[in-house]
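K.L.:
Shown next, in the form of structure tokens:
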């Protein structure tokens, strides 16, 4: 499991300490962030600058850009469900040339590291894309490999270790920038996919994207999304992604960024205890644009109350044993046998 702390000597605070005395910095590879909180791709844009002080965030993650101009999916693209939101946006994009010429320069005015999210239909397109992103102002590349791979009959790269390894290795050869790889929770074995990405050269993993889901309007007998199915995000996703974060943190030695259903500091703390070094806030930002600020403040307040000197010391601090995990896996095997 990754040690996200900046050094090995951890001073303790007294219980009920001052939140201002807590060190909120975290390390993701060679990059030190002022705190572990950042937006999830697709839920944050330049227009939030008057509302959210960008300099307070740990990093700024852009909406996913594609190599070429892309129109997105048919409407309606978004609908609310009981424990979250379904979206089938389809990654509309003005293309990489526009992104490099207009979007990146906007973010250069801020000292907060910029994470450029990219998606592409093939390993070669991903490689060409990350090469184009090697411009001043881009600190990190986040590769959304949950997209369909045209070389695998439309199956997403992140569904299987082999195409994951191939596309990550191709990108690794194409850039020296830190490479974060965003995984899909739709795979049946996320730990194996995580290992494949890490072994191929990923610097960190984002766990993870939305889960494929569907909602139907019972009055019209029609799907509620124009593309029929979409990605589920929001509170209902959190227990699943916390579990996957835990599995990935046990499987690899590179940092994990937890993502899925985070709206409060308590949510972020769960992810960090499970092994995440940082977190991304997505759907909650639609509801409350300042949600990330509350998470940042809440993390420091929690650490002060617990007498924890550094937020980074929460990473992987879950009280658990291998025996317990093996027992859970054993029980799961028996349940699988009973269902099959």
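Residue numbers (the working numbering): 13 to 352.
Where is the CB? At the ideal position from N, CA and C, for every residue including glycine.
#1: Less than 7 Å between the beta carbons of residue 221 and residue 196, yes or no?
#2: Put residue 154 into one of helix, strand or coil per three-state DSSP.
#3: Using DSSP with H/G/I as helix, E/B as strand and the rest coil, what is residue 212?
#4: In whole angstroms, give me the CA-to-CA distance for residue 20 and residue 330.
#5: Considering just the uninterrupted stretch of the alpha helix (DSSP H) at residue 256, what are its terminal residues?
#6: Which residues share a DSSP beta bridge with residue 43?
#7: Given a cut-off of 7 Å on the beta-carbon distance, is the pair residue 219 and residue 257 in contact?
#8: From this set, 72, 95, 88, 102, which residue's C-alpha is nearest residue 82's C-alpha?
#9: Please state the DSSP three-state secondary structure of residue 30.
#10: How would you label residue 241, buried or exposed, when you count the other beta carbons within 10 angstroms and need 16 or more for buried?
#11: Give the straight-line distance between the Cα atoms of residue 188 and residue 266, rounded to the nearest whole angstrom.
#12: Among 279, 33, 97, which one has its Cα closest to the Cα of residue 295?
#13: Does the beta-carbon of residue 272 have 16 or more other beta-carbons within 10 angstroms, so that it is buried, or is it exposed?
#14: Since residue 121 is in the alpha helix (DSSP H), which residue starts that stretch and which ends it?
#15: Leaving aside the five residues before and after residue 47 along the sequence, list all residues of the same chain whose C-beta is less than 6 Å from its C-beta, in chain order.
#16: How many Å lie between residue 59 and residue 332 at the Cα?
#17: For residue 243, report the span of its beta strand (DSSP E) as first-last.
#18: Please name the residue, chosen from 176, 237, 129, 323, that lies closest to residue 85 on a Cα-to-Cα basis.
#19: Below 8 Å CB to CB, which residues in the same chain sit around residue 239 once its five sequence neighbours on both sides are set aside?
#20: Could you please give me the residues that DSSP links to residue 129 through a beta bridge?
#21: What distance in whole Å lies between the Cβ atoms of residue 182 and residue 135, which are believed to be in contact at a cut-off of 8 Å?
#22: Quick one: Cα of residue 247 to Cα of residue 259, how far?
#23: With a cut-off of 8 Å on the beta carbons, I'd call residue 288 and residue 203 a contact; round off their distance for me.
#24: The beta strand (DSSP E) with residue 51 in it runs from where to where?
#25: Going by C-alpha to C-alpha distance, which of 158, 126, 133, 159 sits closest to residue 146?
#26: Taking DSSP as the reference, what is the three-state secondary structure of residue 184?
#27: So the beta strand (DSSP E) residue 280 belongs to, where does it begin and stop?
#28: Closest to residue 284 by C-alpha separation, out of 318, 323, 178, 192, would be which residue?
#29: Between which residues of its own chain and residue 131 is the CB-CB distance below 7 Å, once the five residues before and five after are set aside?
#30: Kindly give me the distance between the Cβ atoms of residue 280 and residue 73, rounded to whole angstroms, as I take these residues to be in contact under 8 Å.
#31: Thinking C-beta only, is residue 64 closer than 7 Å to residue 301?
#32: Nearest-angstrom Cα distance between residue 229 and residue 123?
#33: Please report the straight-line C-alpha distance between residue 249 and residue 319, rounded to a whole angstrom.
P.N.:
According to the structure data:
#1: yes
#2: Residue 154: strand per DSSP, three-state reduction.
#3: coil
#4: Here the model assigns residue 20 a pLDDT of 34, short of 50, so the residue's position is not dependable, and the following value carries that caveat. Residue 20 and residue 330: Cα-Cα distance of roughly 18 Å.
#5: 250-263
#6: 40
#7: yes
#8: 102
#9: The DSSP-derived three-state label of residue 30 is coil.
#10: exposed
#11: 16 Å
#12: 97
#13: With 16 or more Cβ atoms within 10 Å of its Cβ, residue 272 is classed as buried.
#14: Bounds of any alpha helix (DSSP H) do not take in residue 121, whose DSSP letter is neither H nor E.
#15: 36, 70, 308
#16: If you draw a straight line from the Cα of residue 59 to the Cα of residue 332, it comes to about 43 Å.
#17: 241-245
#18: 237
#19: 85, 86, 89, 100, 102
#20: When beta bridges are read from the DSSP output, residue 129 appears opposite 154.
#21: 4 Å
#22: 20 Å
#23: With 8 Å as the limit, residue 288 and residue 203 do not qualify as a contact, their Cβ atoms being about 15 Å apart.
#24: It spans 49-51 - the beta strand (DSSP E) in which residue 51 sits, taken as one unbroken run.
#25: 126
#26: helix
#27: That residue, residue 280, is in no beta strand (DSSP E); its alpha helix (DSSP H) goes 277-286.
#28: 323
#29: 76, 78, 103, 156, 159
#30: Between residue 73 and residue 280 the Cβ distance is about 15 Å, and since that is not below 8 Å, they are no contact.
#31: yes
#32: 46 Å
#33: 30 Å
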